[in-house]
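Peer 1:
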Amino acid sequence: MTKARSISAMVALPFLLVLLWWVATLGNTNPFIPKPGALLTDLWETWANSRFLEHVVPSIVRLLSGLSIAIVGGIVLGVLIGSNLTVRKIMGPILEFVRAIPPPVLLPVLMMVIGIGDETKVFLIALGCLWPVLLNTVDGVRSVDPVLRDTTSSYNIGGMTRLRFFLLPAALPRIVTGVRLSLPIALILMVASEMYAATNGLGFSIIYFQRTFQNGPMWAGVVVLGLVGILMALAFRWFERRILSWYYAQRELETSG
1 MTKARSISAM
11 VALPFLLVLL
21 WWVATLGNTN
31 PFIPKPGALL
41 TDLWETWANS
51 RFLEHVVPSI
61 VRLLSGLSIA
71 IVGGIVLGVL
81 IGSNLTVRKI
91 MGPILEFVRA
101 IPPPVLLPVL
111 MMVIGIGDET
121 KVFLIALGCL
131 WPVLLNTVDG
141 VRSVDPVLRD
151 TTSSYNIGGM
161 TRLRFFLLPA
171 ALPRIVTGVR
181 LSLPIALILM
191 VASEMYAATN
201 GLGFSIIYFQ
211 RTFQNGPMWA
221 GVVVLGLVGI
231 LMALAFRWFE
241 RRILSWYYAQ
251 RELETSG
């Protein structure tokens, strides 16, 4: 019963917004303002065919590739920086300098250095998504229980054993938070990177329809982009609940106690 109420609450607001949208556009003849019925038709006619495989799938592959690189790199660098004060002092100014540069600004430079292929787009996504994972991993490693840290040192537990059974589990909630923050960044950078010097992808399709005044297909592409974001969020929530099941169970015990 609780699950049914949760699903109903999640669907209620989008349904209400679409209803208000439908009422507000009744009798509207402005070609730049989409109507729900026409948008559904454009969505089906534009994307329910080979265009989905030619444009949506490559975008998702780039997004997942860049996000995966950012997660692995962020965790590795975060553990290294967070567990070593000297490395943290040396890398701090460099990381702050690079983090202050918006990734889209680097796109023209990356095109000249790397080229206009998928490597540039993946690198841009990875660069933008790196910082939430990296900074949250550093915070997670630095905030581990000092008593447990001293205990592992007393028993001479080090190397990969300490990393696997102590540091990573202790920092995992923060790491997952960093990954969650990276998801919308990855989506934004995926679209931004595909709007320049691209031949396929969601960003390319949306900007192509906009420049050729195909307003219906353009709005349909925006809807597809939003649906991709929703699916990503739901998939990550499912993954988070399973990888952090022990963490949420512990929190529930502390709350009930």
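Yeah, the sequence shown ends on 257 if you go by the UniProt record's numbering, and it's all consecutive. Quick reminder that beta carbons are idealized off the backbone N, C-alpha and C, glycines included. Predicted model only: the values in this text are computed from it and were never measured.
So residue 136 is in the alpha helix (DSSP H); what residue range does that whole segment cover?
Peer 2: 118-142
Peer 1: Taking 8 Å as the cut-off, is the C-beta of residue 16 nearer than that to any heavy atom in the ligand GDP?
Peer 2: Here there are no bound small molecules, and the ligand GDP is not part of this structure.
Peer 1: Can you tell me where the alpha helix (DSSP H) with residue 85 in it begins and where it stops?
Peer 2: 85-99
Peer 1: Anyone know if the C-beta pair for residue 221 and residue 46 falls short of 9 Å?
Peer 2: yes
Peer 1: Can you say whether residue 194 is buried or exposed, counting buried as having 16 or more other CB atoms within 10 angstroms of its CB?
Peer 2: buried
Peer 1: For residue 34, does the three-state DSSP call read helix, strand or coil?
Peer 2: coil
Peer 1: Can you tell me whether residue 26 is helix, strand or coil according to DSSP?
Peer 2: coil
Peer 1: Which whole-angstrom value describes the C-beta separation of residue 57 and residue 202, a residue pair presumed to lie in contact below a C-beta threshold of 8 Å?
Peer 2: Not confirmed; about 10 Å, so no contact.
Peer 1: Measuring straight from C-alpha to C-alpha, what distance separates residue 190 and residue 196?
Peer 2: 11 Å
Peer 1: For residue 81 versus residue 134, is the C-beta distance shorter than 9 Å?
Peer 2: yes
Peer 1: Is the beta carbon of residue 228 less than 9 Å from the beta carbon of residue 39?
Peer 2: no
Peer 1: Give the DSSP-derived three-state secondary structure of residue 212 in the structure shown.
Peer 2: coil
Peer 1: Could you give the DSSP three-state label for residue 145: helix, strand or coil?
Peer 2: Coil, per DSSP.
Peer 1: Quick check: what's the CA-CA separation for residue 178 versus residue 151?
Peer 2: 28 Å
Peer 1: Three or more C-beta pairs closer than 8 Å, one from the region 207-219 and one from the region 69-79: is that the case here?
Peer 2: no
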